[in-house]
Amino acid sequence: MSEAEKEDVYVLADDSREAVFVAEGITKVYKMGEVEVHALRGVDLQLYEGEFVVLLGPSGSGKSTLLNILGGLDVATAGTVRYRDHDLTHADESALTEYRRHHVGFIFQFYNLIPSLTARENVALVTEIADDPMSPDDALKLVDLGDRLDHFPSQLSGGQQQRVAVARAVAKRPEVLLCDEPTGALDIHTGVKVLEALARVNRELGTTTAVITHNAAIAAMADRVVHIADGRIAKIDTNTNKKDPSELEW
Amino acid sequence: MRAIHHKLLRDLWHMKGQALAIVMVIASGVALFVGQLAVMHSLRVTRDAYYSEYRFADVFANCKRAPLSVADRLRDVPGVDVVQTRVTLRVMLEVPGLNEPATGQLISIPDNGEPQLNDLFIRKGRLPGPGTDNEVALVEMFAKANKYGLGDSITAIINGRRQSLRVVGIVLSPEYVYALSAGAFVPDDKRFAVMWMNEKQLAAAYNMEGAFNDVSASLKPGASHAEVIARFDDILKPYGGQGAFAQKDQVSNWYLANEYKQLETFGVVVPLIFLGIAAFLLNVVMSRVVATQRDQVAALKAFGYSNFQVGLHFGELVALIVLMGTIVGTLFGWLMGEKLIDLYTDFYHFPVLRFSLPGWVPLAGMAVTGSAAALGTLNAVRRAAALPPAEAMRPEAPPNYRMTLMERIGLQRWLSQPTRMILRQLERKPMKAGASILGLSLAVAILIVGMAFVDIIFTLIDIQANVVHREDVSVGFTEPRSRDALHEIESLPGVEYAEPYRAVSARVRFGHRNRRLGIQGIPFDTRLNRVLNTDLEPFDLPREGILLSRVLGDSLHVSPGDEIIVEVMEGTRPTRTVKVAALVDDFMGISAYMEIGSLNRLMREGDVISGAYLLTRGEASEALFESLRARPAVASVSSKATSIENLRKMVEEQLLYSIAFNVLFAGIIAFGIVYNNARVSLSERARELASLRVLGLTRGEISFILLGEQALLTLVALPIGFFLGYWLTFAVMASVNSEVVRMPMVLNTSTYALGAICVIFAAAVSGLIVRRRLDRLDLVEVLKTRE
Ligand SMILES: Nc1ncnc2c1ncn2[C@@H]1O[C@H](COP(=O)(O)OP(=O)(O)OP(=O)(O)O)[C@@H](O)[C@H]1O
Ligand SMILES: [Mg+2]
Numbered sequence: 004m005s006e007a008e009k010e011d012v013y014v015l016a017d018d019s020r021e022a023v024f025v026a027e028g029i030t031k032v033y034k035m036g037e038v039e040v041h042a043l044r045g046v047d048l049q050l051y052e053g054e055f056v057v058l059l060g061p062s063g064s065g066k067s068t069l070l071n072i073l074g075g076l077d078v079a080t081a082g083t084v085r086y087r088d089h090d091l092t093h094a095d096e097s098a099l100t101e102y103r104r105h106h107v108g109f110i111f112q113f114y115n116l117i118p119s120l121t122a123r124e125n126v127a128l129v130t131e132i133a134d135d136p137m138s139p140d141d142a143l144k145l146v147d148l149g150d151r152l153d154h155f156p157s158q159l160s161g162g163q164q165q166r167v168a169v170a171r172a173v174a175k176r177p178e179v180l181l182c183d184e185p186t187g188a189l190d191i192h193t194g195v196k197v198l199e200a201l202a203r204v205n206r207e208l209g210t211t212t213a214v215i216t217h218n219a220a221i222a223a224m225a226d227r228v229v230h231i232a233d234g235r236i237a238k239i240d241t242n243t244n245k246k247d248p249s250e251l252e253w
Numbered sequence: 007m008r009a010i011h012h013k014l015l016r017d018l019w020h021m022k023g024q025a026l027a028i029v030m031v032i033a034s035g036v037a038l039f040v041g042q043l044a045v046m047h048s049l050r051v052t053r054d055a056y057y058s059e060y061r062f063a064d065v066f067a068n069c070k071r072a073p074l075s076v077a078d079r080l081r082d083v084p085g086v087d088v089v090q091t092r093v094t095l096r097v098m099l100e101v102p103g104l105n106e107p108a109t110g111q112l113i114s115i116p117d118n119g120e121p122q123l124n125d126l127f128i129r130k131g132r133l134p135g136p137g138t139d140n141e142v143a144l145v146e147m148f149a150k151a152n153k154y155g156l157g158d159s160i161t162a163i164i165n166g167r168r169q170s171l172r173v174v175g176i177v178l179s180p181e182y183v184y185a186l187s188a189g190a191f192v193p194d195d196k197r198f199a200v201m202w203m204n205e206k207q208l209a210a211a212y213n214m215e216g217a218f219n220d221v222s223a224s225l226k227p228g229a230s231h232a233e234v235i236a237r238f239d240d241i242l243k244p245y246g247g248q249g250a251f252a253q254k255d256q257v258s259n260w261y262l263a264n265e266y267k268q269l270e271t272f273g274v275v276v277p278l279i280f281l282g283i284a285a286f287l288l289n290v291v292m293s294r295v296v297a298t299q300r301d302q303v304a305a306l307k308a309f310g311y312s313n314f315q316v317g318l319h320f321g322e323l324v325a326l327i328v329l330m331g332t333i334v335g336t337l338f339g340w341l342m343g344e345k346l347i348d349l350y351t352d353f354y355h356f357p358v359l360r361f362s363l364p365g366w367v368p369l370a371g372m373a374v375t376g377s378a379a380a381l382g383t384l385n386a387v388r389r390a391a392a393l394p395p396a397e398a399m400r401p402e403a404p405p406n407y408r409m410t411l412m413e414r415i416g417l418q419r420w421l422s423q424p425t426r427m428i429l430r431q432l433e434r435k436p437m438k439a440g441a442s443i444l445g446l447s448l449a450v451a452i453l454i455v456g457m458a459f460v461d462i463i464f465t466l467i468d469i470q471a472n473v474v475h476r477e478d479v480s481v482g483f484t485e486p487r488s489r490d491a492l493h494e495i496e497s498l499p500g501v502e503y504a505e506p507y508r509a510v511s512a513r514v515r516f517g518h519r520n521r522r523l524g525i526q527g528i529p530f531d532t533r534l535n536r537v538l539n540t541d542l543e544p545f546d547l548p549r550e551g552i553l554l555s556r557v558l559g560d561s562l563h564v565s566p567g568d569e570i571i572v573e574v575m576e577g578t579r580p581t582r583t584v585k586v587a588a589l590v591d592d593f594m595g596i597s598a599y600m601e602i603g604s605l606n607r608l609m610r611e612g613d614v615i616s617g618a619y620l621l622t623r624g625e626a627s628e629a630l631f632e633s634l635r636a637r638p639a640v641a642s643v644s645s646k647a648t649s650i651e652n653l654r655k656m657v658e659e660q661l662l663y664s665i666a667f668n669v670l671f672a673g674i675i676a677f678g679i680v681y682n683n684a685r686v687s688l689s690e691r692a693r694e695l696a697s698l699r700v701l702g703l704t705r706g707e708i709s710f711i712l713l714g715e716q717a718l719l720t721l722v723a724l725p726i727g728f729f730l731g732y733w734l735t736f737a738v739m740a741s742v743n744s745e746v747v748r749m750p751m752v753l754n755t756s757t758y759a760l761g762a763i764c765v766i767f768a769a770a771v772s773g774l775i776v777r778r779r780l781d782r783l784d785l786v787e788v789l790k791t792r793e
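Same order as they appear, the protein sequences are chains A and B. When the letters of the first sequence are read in order and numbered with the working numbering, they come out as residues 4 to 253. When the letters of the second sequence are read in order and numbered with the working numbering, they come out as residues 7 to 793.
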């Protein structure tokens, strides 16, 4: 990246903090036989160090697609995506694997826990391949599951499973945390617990966090809210008055 | 242990039923592979050590009578190392308690002790000394069978005179590992003795002083067998030489070599089929495992596990199963090998025959299994490794169902809702249904192959007993006799009908290839000695020309119409060209047949016979045997009942064990396939079926949907299995065929039926197991997991 370009980025960023993600003009087209599905139609977006961003939008608007591209699970059809000094657009499969391994924590809507592993082992699965992880026990304590270490996913409630997923995502101290509807399958009470865990990690570890949700109420706890509609960014709101998860009204 | 390895072990435990089934299938293949190859290895090592330590000769020859000075000319043949001349003599023995005559082979040993070639292993006692009267060393099998010990006497009829021989040693010889008396095809320990006697005494008794009628030679390294044999034939020709032959054509060694060939087939071809099936099963199961773990693969990848690590993870699962299969299989193979070696010691006589399992055998087993497994699972593992994580996160698209053909042509009125589900399921995934049907039909086929040997072996015995050998007794003369001898025999007590035969030892040549064999002369209208092909139909004897076994024809590269050269090794030793009239697919030995008159014309000998086949009135009587034994012209008498009994005994003791192992393993495989099939479809449908239960369908109804599908698949698989079974049997038979025996292709209806019943039974048992699982289907559990 040239000096001029860098400056350009800073100007665009319109913020003194460093941009962790810089996405420019990304589009994603799925070809299904004859039909082309345009999931993203030119998205420009920056995410800054340590911020908590909520992505809002109707079903099918392209939120998951965007998050997957940021997380290196998928590649854009066109446009560029940078994560710090990594170019994700032209990275090959093994570079993306390295990127995910060292920088990103994922939380999925359906938890995606390994059913044959206990809570502790599910976390260990990730810490074993990370550079500077916390211990699985500490990670689970962080999400209030210190007493459920040796339970299998089938022995946990949905909310508990999602918190294991949070612990698994944060245990390697990732620089970014990407969450796809982490509370989608949960009730208010458990949803709040999961969000509290996320907020705590964001606060204490300074992890840049992006959360997809259908639930507009959750937007109140974000630094910024990105509205997505029909594969484009409709608008971005900045929250001046950030709420604590426990104050959210569902 | 790392978390991913915990996952590995728990996944394995989770699929333990299926894993066990596959482990057993692999173990079956490996057991056969390891067992048979280890037996072969043990036999080979033992044989090689025995041959070299006891100086088994390279070239053998017989003649009528040659002066000892001829031996020096044989020694001068280039390439020859050691020459050992001997006097040998066939005699009749009188063994108390045996009413049928026993025959003995007397062989001389040098006056100064140890033979230079074909040395004897002394089990007990010593070799007969020089000068002492009528001492013999007796072969161990005969001693055991008739309970002869050191110091006992045997009565032999030598040159028409009764002589009493005293046993001073019990021995074994490398020439008689498989001890077959001339003309027999199964060893008869009770009625065939080999005895070694001091040369001077034997020569004196047989008027062979200063002469020999048997010679063996060892060759220098690199010497050409063919050239030595040709030179020997030239030198021995004036002395009634009967054609020299190499070690590979020596009877005992030839049988041993053919046994190796069979072991090789059973040890390689059959296990390969089994392992192929194991690979197929692994493929089905691993594809299923990868499909159910899509979301887990996605999570692993999202957290930075590389494609390679994910592939490795599933590869390790396969490797564990293969490893367990190999270990279990090696243990089974070991047990089986020891059992087989035990059986071999009854038929192949070595000083010691110990089972040994060289390390390369299980390693090779593992390599073969590993390759088969790798081939079978490469696709599934690669699919897991290549699964794009973003896509794996999304649930699989709902399957595309449509009306089935049957419904579209308007039959739906007749089909219940569950029946429609079964049919749609099958039509929607034809590949899947195809794979299930293939698996089930392989189960039927493998059972048929296993049991086919029983049909085939017993057919073979039956044919030998009732179709080929219709005689009750066969008699061989010491020398060809005129036809009057036949009438003489016909008038013996109890003889109803006698049919002559002529046997001429000859070497047949075509181009640069040649074989030494006996040409059989048979009357055109034979009643007792018919030639059959492998379809078990009588083959008409040509009036002119010669009829050859197809294996013989193939080994000489001749076709019908070709002219072969026949060098007769007896009488006036004519050399003639004879037209090959036909090749017959017969099933035992290598044979050449001619019409007896045409053979005698070739010999220019007039109407002579070598022996006769007899039909007796009722059972052959002691009186008949007595009067046959009393005739000096009679060299051998054998009763069919006894030889068939021997054949049956050998088959039952030896082959049936191998077959039992085959059937056992085939059964395991059949069950493994069927069980796996049911389990895979249960895992695929569990969610759907649980939803139906939630909607209010009864257990019986959902069982019907799943098991009805299995039953339908099984029914379709049966006829395909019959077809596959037939061809698989055919292929295995073709690879087992040797010069000793060609298996006729017979499959009884009952074998097909039994194969079908076993698979239906396995299907029913698997169905019950699956049904029990369905009954305990935890609705909440199944619905909670996304898939
Ligand atoms: N693998 C795929 N193949 C084809 N089309 C796809 C694929 N993945 C996503 N799409 C399409 O792309 C569009 C955006 O999908 P995406 O999953 O990003 O939506 P979303 O905003 O996350 O929706 P939701 O809130 O329902 O999860 C949709 O129209 C979807 O059908
Ligand atoms: Mg989504």
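Glycine included, each C-beta is placed from N, C-alpha and C at the ideal position. Being a predicted model, the structure only gives us computed values, none of them experimental.
Where residue i falls, given that 16 or more other Cβ within 10 Å makes a residue buried
| i | result |
| --- | --- |
| Pro-156 (chain A) | buried |
| Asp-11 (chain A) | In this predicted model, Asp-11 (chain A) has a pLDDT of only 42, less than 50, meaning its place in the structure is not dependable enough to derive any value. |
| Asp-77 (chain A) | buried |
| Gly-612 (chain B) | exposed |
| Leu-369 (chain B) | exposed |
| Leu-120 (chain A) | buried |
| Glu-146 (chain B) | buried |
| Glu-59 (chain B) | exposed |
| Arg-777 (chain B) | buried |
| Ser-5 (chain A) | Below a pLDDT of 50, predicted positions are generally treated as unreliable, and Ser-5 (chain A), at 45, falls in that range; the measurement from the model is reported next regardless. Exposed, because fewer than 16 other Cβ atoms sit within 10 Å of the Cβ of Ser-5 (chain A). |
| Gln-158 (chain A) | exposed |
Pair within 9 Å by beta-carbon distance, residue i and residue j
| i | j | result |
| --- | --- | --- |
| Ile-72 (chain A) | Ala-22 (chain A) | no |
| Leu-145 (chain A) | Leu-198 (chain A) | no |
| Leu-337 (chain B) | Val-501 (chain B) | no |
| Gln-431 (chain B) | Ile-650 (chain B) | no |
| Ile-2 (chain A) | Leu-58 (chain A) | Given that chain A is displayed from residue 4 to residue 253, the structure contains no residue 2 (chain A) and the question cannot be resolved. |
| Ala-170 (chain A) | Leu-189 (chain A) | no |
| Ala-223 (chain B) | Ala-373 (chain B) | no |
Closer than 7 Å at the beta carbon, the chain B residues around residue i
| i | result |
| --- | --- |
| Arg-103 (chain A) | Ala-308, Phe-309, Gly-310 |
| Ser-97 (chain A) | Ser-312 |
| Val-129 (chain A) | Phe-309 |
Contacts of residue i in chain B (Cβ-Cβ under 8 Å)
| i | result |
| --- | --- |
| Leu-258 (chain A) | Because chain A spans 4 through 253 in this model, residue 258 (chain A) falls outside it and cannot be assessed. |
| Thr-100 (chain A) | Lys-307, Gly-310, Tyr-311, Ser-312, Asn-313 |
| Phe-55 (chain A) | Those within 8 Å of Phe-55 (chain A) in chain B number zero; the least Cβ separation is about 20 Å. |
| Gly-74 (chain A) | Ala-308 |
Neighbour list for residue i in chain A, Cβ cutoff strictly below 9 Å
| i | result |
| --- | --- |
| Gln-24 (chain B) | Here the premise fails: no neighbours, minimum Cβ distance about 15 Å. |
Within chain A, partners of residue i - CB distance below 8 Å
| i | result |
| --- | --- |
| His-20 (chain B) | Ser-119 |
Residue span of the beta strand (DSSP E) that contains residue i, given as start and end
| i | result |
| --- | --- |
| Arg-693 (chain B) | No beta strand (DSSP E) holds Arg-693 (chain B); the alpha helix (DSSP H) holding it covers 662-700. |
| Pro-486 (chain B) | 479-488 |
Segment limits, alpha helix (DSSP H) that includes residue i
| i | result |
| --- | --- |
| Gln-164 (chain A) | 161-173 |
Contacts of residue i in chain A (Cβ-Cβ under 7 Å)
| i | result |
| --- | --- |
| Ala-396 (chain B) | Asn-71, Leu-76, Asp-77 |
In chain order, what residues place their C-beta within less than 5 Å of a heavy atom belonging to ligand 1? A:Tyr-33, A:Val-40, A:Ala-42, A:Ser-62, A:Gly-63, A:Ser-64, A:Gly-65, A:Lys-66, A:Ser-67, A:Thr-68
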